[in-house]
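Student: Under this note's numbering, the residues of the sequence shown are numbered 35 to 165, in order. Glycine is no exception: its CB is placed at the ideal position from the N, C-alpha and C atoms. If you're wondering where the values come from, they're calculated on a predicted model, not measured in any experiment.
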Amino acid sequence: MISDQPQPVPRIILLSGPRQVGKSTLCRKLVARLHENTVGVAGFLTIHTGSHDLEVMELHSGEQYPLTLPFDDGAGAELGRFRMDGAALNRGLLSLQGALPKDVLIVDELGPLEFRLGRGWLPVLSLLRAD
Numbered sequence: 035m036i037s038d039q040p041q042p043v044p045r046i047i048l049l050s051g052p053r054q055v056g057k058s059t060l061c062r063k064l065v066a067r068l069h070e071n072t073v074g075v076a077g078f079l080t081i082h083t084g085s086h087d088l089e090v091m092e093l094h095s096g097e098q099y100p101l102t103l104p105f106d107d108g109a110g111a112e113l114g115r116f117r118m119d120g121a122a123l124n125r126g127l128l129s130l131q132g133a134l135p136k137d138v139l140i141v142d143e144l145g146p147l148e149f150r151l152g153r154g155w156l157p158v159l160s161l162l163r164a165d
């Protein structure tokens, strides 16, 4: 049966602000609230585990793994004080593609790696297109 009810219009919300202002903390609190209300969530949270270390938490699987490499090993993409692990970025993207569609997609974070270097989570943007 086809419903005559209008479909909700998807919205994209961009949260931007200076470093260490609380964007990731807000995302974590939002995810907790969404889970309390049984809303389907996919995406990533980035967790700082040291001055040069980040981990990614997949919201759709609960998996958590290193997103950065040791800064002095010369591998990965250097970005400021971090050295990003390309294999971890790819792992996350593949996982996300299999997790959609969900009610909410959160990607913490998109920044210089994506918009300056054309790498990282940039392919997530193509997932936002309405077909």
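Go ahead and pull the three-state DSSP assignment for L123.
Tutor: In the structure shown, L123 sits in a helix (DSSP, three-state: H, G or I).
Student: With a cut-off of 8 Å, do at least 3 Cβ pairs link the stretch 94-105 to the stretch 65-72?
Tutor: The stretch 94-105 vs the stretch 65-72: no contact.
Student: Can you list, in chain order, the stretches of the beta strand (DSSP E) that have 3 or more residues and sit fully within the stretch 52-119?
Tutor: Qualifying beta strand (DSSP E) stretches, in chain order: 75-84, 87-92, 98-100, 111-113, 116-118.
Student: Identify, in the order they occur along the chain, each residue of the same chain with its Cβ nearer than 6 Å to the Cβ of L139, setting aside the five sequence neighbours on each side.
Tutor: If we look at L139 and ignore the five residues flanking it on each side, its Cβ neighbours are A76, G77.
Student: Reducing DSSP to helix, strand and coil, say where L139 ends up.
Tutor: In the structure shown, L139 sits in a strand (DSSP, three-state: E or B).
Student: With V160 as the anchor, note down where its alpha helix (DSSP H) starts and where it stops.
Tutor: The amino acid at residue 160 is misidentified as Val; the sequence shows Ser. Counting along the chain, the alpha helix (DSSP H) containing S160 begins and ends at 158-161.
Student: In angstroms, rounded to a whole number, what distance separates the CA positions of L159 and L134?
Tutor: Roughly 13 Å between the two C-alpha positions.
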